[in-house]
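Structure record follows, encoded as structure tokens.
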Amino acid sequence: MKKILEKDSLKNYYQLLQPSHPHLVTTLNANATLNVAPFSWLFPVSSDPPIIALSLLTMPKKQDTLLNIERTWQFGVNVADADMAQMLIKASFNYPQEVSKFEVLKLNLEKPVLIEAGLIQECRVNLECKVQKMELIGDHTLIIADVVVAHFDKQLFNEELELDLEEVQPCLHLKKYIKQKGQRHVFLTGYKKIVVEEDYPEI
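Per numbering that gives the first Met the number 0, residue 0 is the first one in the sequence shown, and the count goes up by one each step.
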């Protein structure tokens, strides 16, 4: 039997869509250091031209990533794998503005081609993005951006850009728990690839 949630109980509706695929977004701080933070509300909205959307918390307080994007109109998307789960959690913590998360997390720089915000070498995919427009939607800002350059580890993808699951496990995030001295996160690993084939209907 299904439970019904109506308007007054829908604040956390997005949990019903879990698990999600967190990505590391890199932006340039005002002091020219690199900011790194994980976000799951990020998805493609067009293939030709290549356009991506990112939704960032705006109220009651803007996130540092959003402030940086509003100033520079660019950002990097870095795809993390399951073995980077611990680093994803650390990247979500707040640090003093003068501290570079990139250095704290001991990440290596993947040099960008068309944007100024650095990318993460440890990630199998990096997308360079330039913002088209931003719009406040509810308590988040929806950012629409052009994907202007893509970097990827050619050893992990075939010619159709299909990921080799024998070599790498994608990172899926299920739940976050806030504890007194830190955070506990639940990630999913160990899933297998299932191929399903179906013929077109004869009409």
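Where a beta carbon is used, it is the ideal one built from N, C-alpha and C, also for glycine.
Just so you know, these numbers come straight off a predicted model, no measurement behind them.
- Residues Arg-123, Val-167, Gln-168, Pro-169 and Cys-170 of the same chain have their beta carbon placed closer than 7 Å to that of Asp-80, with the five preceding and five following residues left out of the count.
- Apart from sequence neighbours up to five positions away, the residues of its chain that approach Phe-151 with a beta-carbon distance below 7 Å are Arg-123 and Val-124, ordered along the chain.
- Beta bridge pairing from DSSP links Asp-145 with Ile-50 and Lys-129.
- For Ala-84, the enclosing alpha helix (DSSP H) stretches over residues 84-90.
- In this structure, Leu-113 sits near Glu-127, with a CB-CB distance shorter than 8 Å.
- For Leu-187, the enclosing beta strand (DSSP E) begins and ends at 182-187.
- DSSP assignment within the segment 22-75 yields the following whole alpha helix (DSSP H) runs of 4 residues or more, N-terminal first: 63-71.
- Residue pairing by DSSP places Ser-19 opposite His-172 in a beta bridge.
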